Amino acid sequence: MSEAEDYNEALANYNAALTCNEELKEMYNKIDDMLFNLGREDPAIIFYRKNNKLDSILKCYDSLINKAEKPIKYDLYMAQGNELCFQKQQETDAAESYFKAAGVVRDPQKQRDAMLMAYNILRKPK
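Take the sequence shown: its position 56, counted from the start at 1, is 1520 in this note's numbering, and no numbers get skipped.
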């Protein structure tokens, strides 16, 4: 078994064990920070969500966006906007993420979708 396969198997085992016991918040903290420090932002986001660590989730998205090519940046900006909407705390920041998504893609349909998401957030009554 390769080191990558060992790592993925260990991560799967940790995740399975942790989902069985939500009281292991400290373990989540160690795993999410370890994953982020290893440059594994996607799985780190999953563990940060378990502890509702929005600042850390956004840090992961920023890191992913900085590393990504333009077509992938669109998806990451959209995911970041969705995360902010889901948290229901930072609608203006979510709209900004959607605007950024529209700015990095050439597909008119995707541009329209991103702008529509931003518009719907900004027009919500406060």
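Where a beta carbon is used, it is the ideal one built from N, C-alpha and C, also for glycine. Here the structure is a predicted model, which is why all the values come from computation and not from measurement.
Backbone CA spacing between residue i and residue j [nearest angstrom]
i	j	result
Lys1494	Asp1526	20 Å
Asp1557	Gly1545	7 Å
Lys1489	Lys1588	34 Å
Pro1491	Leu1502	Sequence inspection shows Met at residue 1491; the Pro mentioned does not correspond to that position. Those two C-alpha atoms are separated by around 17 Å.
Leu1540	Glu1473	26 Å
Asn1515	Glu1487	10 Å
Ile1536	Lys1564	12 Å
Met1579	Val1569	12 Å
Ala1532	Cys1549	22 Å
Asp1571	Ser1561	17 Å
Assigned secondary structure, residue i (DSSP; H/G/I helix, E/B strand, else coil)
i	result
Asp1506	helix
Lys1531	helix
Arg1587	coil
Asp1571	coil
Asn1501	helix
Lys1517	coil
Glu1547	helix
Glu1487	coil
Contact belief for residue i with residue j at Cβ below 8 Å, rounded distance in angstroms
i	j	result
Glu1555	Ile1585	5 Å
Ala1582	Ala1559	4 Å
Ile1521	Ile1509	5 Å
Leu1512	Cys1524	The displayed chain sequence assigns Tyr, not Leu, to residue 1512. About 7 Å separates the two Cβ atoms, so the contact holds.
Leu1518	Pro1507	Not confirmed; about 17 Å, so no contact.
Ala1566	Gln1575	5 Å
Cutoff 8 Å: residue i Cβ touching any chain D Cβ
i	result
Ile1510	Of the protein chains in the structure, only one exists, and it is not chain D.
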